Each structure stands twice: as structure tokens, then as C-alpha cells.
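*Asks:* Numbering (our numbering), first residue to last: 6 to 323. Even glycine gets a Cβ: it sits at the ideal position worked out from N, Cα and C. Bear in mind that the values here come from a model prediction, so they are computed numbers and not experimental data.
1. Leaving out five residues before and five after residue 161 in sequence, what residues of the same chain have Cβ atoms less than 8 Å from its Cβ?
2. Under the three-state reduction of DSSP, which class applies to residue 128: helix, strand or coil?
3. Do residue 195 and residue 242 have their C-beta atoms within less than 8 Å of each other?
4. For residue 66, name the three-state secondary structure that DSSP assigns.
5. Near residue 315, what residues of its chain come up, given a Cβ to Cβ distance below 8 Å and the 5 sequence neighbours on each side ignored?
6. Would you call the segment 284 to 296 and the segment 250 to 257 touching, i.e. three or more CB-CB distances under 8 Å?
7. Would residue 3 be called buried (16 or more neighbouring beta carbons within 10 Å of its own) or exposed?
8. Measure how close the beta-carbons of residue 126 and residue 107 come, nearest whole angstrom, since I'm counting them as under 8 Å.
9. Contact check, residue 91 vs residue 76 under 8 Å by CB: the rounded distance?
10. Starting from residue 288, trace the alpha helix (DSSP H) both ways and give me its first and last residue.
11. For the alpha helix (DSSP H) containing residue 152, list its first residue and its last residue.
12. Jot down the residue ranges of each uninterrupted alpha helix (DSSP H) in the segment 216 to 245, minimum 4 residues, whole runs only, in chain order.
13. In terms of residues, what are the limits of the alpha helix (DSSP H) holding residue 5?
14. Distance, Cα to Cα, residue 225 vs residue 58?
15. Please identify the residue among 118, 95, 206 and 112 whose C-alpha is closest to the C-alpha of residue 143.
16. What does a CB cutoff of less than 7 Å around residue 265 pick up in its chain, not counting 5 residues either side in sequence?
17. Within the same chain, show all residues whose beta-carbon is closer than 8 Å to that of residue 231, passing over the 5 residues directly before and after it, in chain order.
18. Does DSSP classify residue 87 as helix, strand or coil?
19. Could you check how far apart the C-beta atoms of residue 216 and residue 197 are, in whole angstroms? I think they sit under 8 Å.
20. According to the neighbour-count rule (16 or more other Cβ atoms, all chains shown, within 10 Å of its Cβ), is residue 261 buried or exposed?
21. Taking 7 Å as the limit between beta carbons, can you name the residues of its chain near residue 304, skipping five residues before and five after?
22. If you draw a straight line from the alpha carbon of residue 183 to that of residue 299, how long is it in whole angstroms?
23. In or out: residue 221 buried (at least 16 other Cβ within 10 Å) or exposed?
24. With a Cβ-Cβ cutoff of 8 Å, do residue 89 and residue 153 count as a contact?
25. Within the continuous alpha helix (DSSP H) that includes residue 262, where are the two ends?
26. Starting from residue 275, trace the alpha helix (DSSP H) both ways and give me its first and last residue.
Structure follows, in C-alpha cells:
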């Protein structure tokens with residue numbers, strides 16, 4: 006099955022990069038780039054080495070997203086023969102491609118790539134720093150000490166939120182000594198707890214989700230306070246995180262919010278109720294899916310909640 010899927014995506018990819026496809030992309034360039042990118046990304050995730058030649062061709066695309074995804078995919082294939090091609094992208098005109106190439110070079114064991122990545126992490130441009138930080142969790146604990154150090158130095162809220170997001174994996178051990186850490190506490194977890202009170206809402210939001218991934222029930226009182234946060238997305242994150250931690254004290258709020266006029270609050274309540282395995286929510290979720298005036302976002306979120314519950318409504322969904 007894996008090979009069939011790989012060949013299917015390769016076929017789609019080849020068509021996408023054919024001259025005819027490139028010409029037809031003039032009318033709908035964004036849609037075409039999206040197809041390119043998703044096909045390339047899928048080839049990398051599938052990991053079939055027969056995709057290598059297609060990915061090497063994608064490195065020549067005039068679309069920077071396609072080049073970046075191709076560079077990333079080549080790293081995932083684990084084929085060191087791709088190193089010379091990736092090194093050619095280190096000077097690409099777009100920083101997204103340069104960063105993707107460097108990360109793949111690190112995956113493939115290139116000794117000089119880590120120094121180049123550090124340069125991106127300390128670049129004067131916050132967009133470059135944010136892009137460089139994103140996805141470092143794929144390397145396990147390798148860059149955790151660097152990220153912890155960056156968190157104490159970084160001033161830009163967007164970059165800080167990206168750093169926080171990289172901590173959201175409780176499976177990754179940290180071997181570095183972190184000066185602010187308390188005995189017995191994972192330094193990343195401590196950073197997440199501190200970030201719950203950050204001035205920037207994106208950082209507070211990322212911290213809420215991270216707390217849940219660490220299964221840190223000691224932070225439940227802090228998350229409960231975030232249910233009254235000024236920002237709706239932080240409240241949503243706190244609500245969902247509390248449900249992931251199995252805290253049923255949030256149950257009353259969840260049932261109140263499914264009547265809320267704001268679809269974001271309604272859908273987040275469905276997701277949270279699904280996390281708590283509350284099958285009583287199934288009829289309400291089904292009604293939400295069937296409302297003709299509902300946005301696509303609301304319907305998709307409701308379907309997701311229904312799939313999570315896998316209750317009596319699951320057959321109807323199929």
C-alpha cells in the first residue's frame with residue numbers, strides 16, 4: 006500500500022511540474038503552488054526513495070514553496086547523495102528555502118549545517134528567526150538547550166511563541182542544565198508555566214497547549230484562570246487543554262459555550278467535550294453539522310469532534 010501511495014503522489018507530482026501544468030498555473034497560481042507543495046510534502050512523509058528524482062526536479066521550481074518542501078522532503082528520505090543538491094540551496098534567494106535546505110542537511114549529517122542554522126536563529130530579521138525555530142522539535146532534544154537559551158534572550162513575541170511551540174513534546178528528554186529550572190522539573194515545562202502569564206496572547210495560547218501535552222496536572226489551577234483571559238484564543242486553548250488533562254470542572258462552561266453565537270467558542274467546546282468522552286454531546290454536534298448557515302470552519306470542527314467520540318453518530322458521518 007505504501008508503494009502504491011508513493012507512486013500515486015509521484016504521478017500527481019510529475020503532472021504538476023510538467024510544462025503544461027506550469028503554463029496552466031497562470032490562471033490559478035496559488036492553487037497550483039498548493040498542489041505542488043502538498044504533493045512534495047507527502048512524498049517526503051511517505052519516505053519512498055524512488056521519489057528522489059522527482060524531488061530533485063522540484064528543487065528547480067520557480068515557486069519557492071515547492072523548492073522548500075522538496076528540500077525538506079529530501080532530508081526525510083535520508084539519502085546522503087542529496088547533500089550536494091541541498092548545499093546549492095543555501096544561497097537561494099528566499100530564506101524559507103535556505104532554512105529548509107539547512108535543516109535537511111542537518112538531518113543528513115552535514116557537519117557545517119548546524120553553524121548555518123545558528124546564524125538563522127540569531128538573524129536580525131524576526132521572520133527568519135521564526136522560520137528557523139519552527140520545526141526544530143523534529144530533531145528531538147538536539148536543539149532544546151539552544152531554544153531554552155533563545156527564550157531568555159528573544160524579545161519578539163511571534164518568535165517567542167514559535168519557541169514555546171517547540172517545547173510541546175513531553176517525550177523529549179532535556180539533558181542541558183537550565184539556570185532557571187527547579188530541581189525535578191523539566192526546564193521546558195517550567196518555561197511553559199511561566200509563559201502562561203506572558204503579555205502576548207500567542208505565547209499564552211502556545212503555553213496552554215504545551216501544558217496539556219506534558220500532561221501537567223499541577224498546572225490545572227493556572228489553566229482555569231486562563232478561562233477568563235482577555236483573548237478568545239487563549240480561552241479556547243485553556244478549555245481544550247483542561248479537557249485533555251481530564252479536568253471535568255470545565256464541563257459546565259463547555260455546555261454553556263455550545264450555545265454561544267461565536268463559532269470558535271462553540272466548536273472548541275465540541276472538541277473539549279469529545280476529549281472528555283461526553284457522548285451526550287453527539288446529538289448537539291450532529292445538529293451543528295447540519296446547520297446550512299454554518300461556516301465551513303464550524304462544520305469541519307464539529308465533524309472532527311464527532312470522529313473523536315466515535316459514538317452512535319460515527320456511522321452517520323461515514
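*Replies:* Taking the structure as given:
1. For this step, residue 161 is matched to residue 156 along the chain shown. Around residue 161: 131, 134 and 135.
2. Here the question's residue 128 lines up with position 123 in the chain shown. In this structure, residue 128 counts as coil in the three-state DSSP scheme.
3. Within the chain shown, residue 195 is the residue found at index 190, counting from 1. Within the chain shown, residue 242 is the residue found at index 237, counting from 1. No, the Cβ-Cβ distance between residue 195 and residue 242 is not below 8 Å.
4. As a working note, residue 66 is residue 61 in the chain shown. Reduced to three states, the DSSP call for residue 66 is coil.
5. Locating residue 315 in the chain shown gives position 310, counting from the first residue. Same-chain partners within the cutoff: there are none.
6. no
7. The chain is shown only over 6 to 323; residue 3 falls outside these bounds and no answer can be derived.
8. Along the chain shown, read from residue 1 onward, the residue named residue 126 stands at position 121. Along the chain shown, read from residue 1 onward, the residue named residue 107 stands at position 102. 11 Å between Cβ atoms; not a contact.
9. Walking along the chain shown from the start, residue 91 turns up at place 86. Walking along the chain shown from the start, residue 76 turns up at place 71. Yes, residue 91 and residue 76 are in contact; Cβ-Cβ is about 6 Å, under 8 Å.
10. Locating residue 288 in the chain shown gives position 283, counting from the first residue. From DSSP, the alpha helix (DSSP H) with residue 288 extends over 287 to 295.
11. As a position in the chain shown, residue 152 is number 147, starting the count at 1. Looking at the DSSP string, the run of the alpha helix (DSSP H) that includes residue 152 is 149 to 158.
12. 225 to 231
13. Look at the range of the chain in this structure, 6 to 323, and you will see that residue 5 is not part of it.
14. Indexing the chain shown from 1 puts residue 225 at position 220. Indexing the chain shown from 1 puts residue 58 at position 53. In a straight line, the C-alpha of residue 225 is about 50 Å away from that of residue 58.
15. Your numbering for residue 143 matches position 138 in the chain shown. Ranking the options by Cα distance to residue 143, first place goes to 112.
16. Taking the chain shown and counting its residues from 1, the one referred to as residue 265 is at position 260. The answer, listed in chain order, is 271.
17. Your numbering for residue 231 matches position 226 in the chain shown. For residue 231, where only same-chain residues beyond five positions count, the Cβ hits under 8 Å are 201, 209, 213, 239, 240, 242 and 243.
18. Translated into the one-based positions of the chain shown, residue 87 becomes position 82. The answer is helix: DSSP assigns residue 87 an H, G or I state.
19. Position 211 of the chain shown holds residue 216. Position 192 of the chain shown holds residue 197. At roughly 6 Å, the Cβ-Cβ gap stays under 8 Å, so residue 216 and residue 197 are in contact.
20. As a first step, residue 261 must be located in the chain shown, where it is residue number 256. Burial call: exposed.
21. The residue given as residue 304 occupies position 299 in the chain shown. Only 294 meet the Cβ criterion.
22. Your numbering for residue 183 matches position 178 in the chain shown. Your numbering for residue 299 matches position 294 in the chain shown. Here residue 183 scores only 42 on pLDDT, less than 50, and its place in the model is too uncertain to base an answer on.
23. Locating residue 221 in the chain shown gives position 216, where the first residue counts as 1. So residue 221 ends up on the buried side.
24. As a first step, residue 89 must be located in the chain shown, where it is residue number 84. As a first step, residue 153 must be located in the chain shown, where it is residue number 148. Taking 8 Å as the Cβ cut-off, residue 89 and residue 153 do not qualify as a contacting pair.
25. Locating residue 262 in the chain shown gives position 257, counting from the first residue. Here the alpha helix (DSSP H) through residue 262 covers 256 to 262.
26. Position 270 of the chain shown, counted from the start, is the residue given in the question as residue 275. Here the alpha helix (DSSP H) through residue 275 covers 268 to 280.
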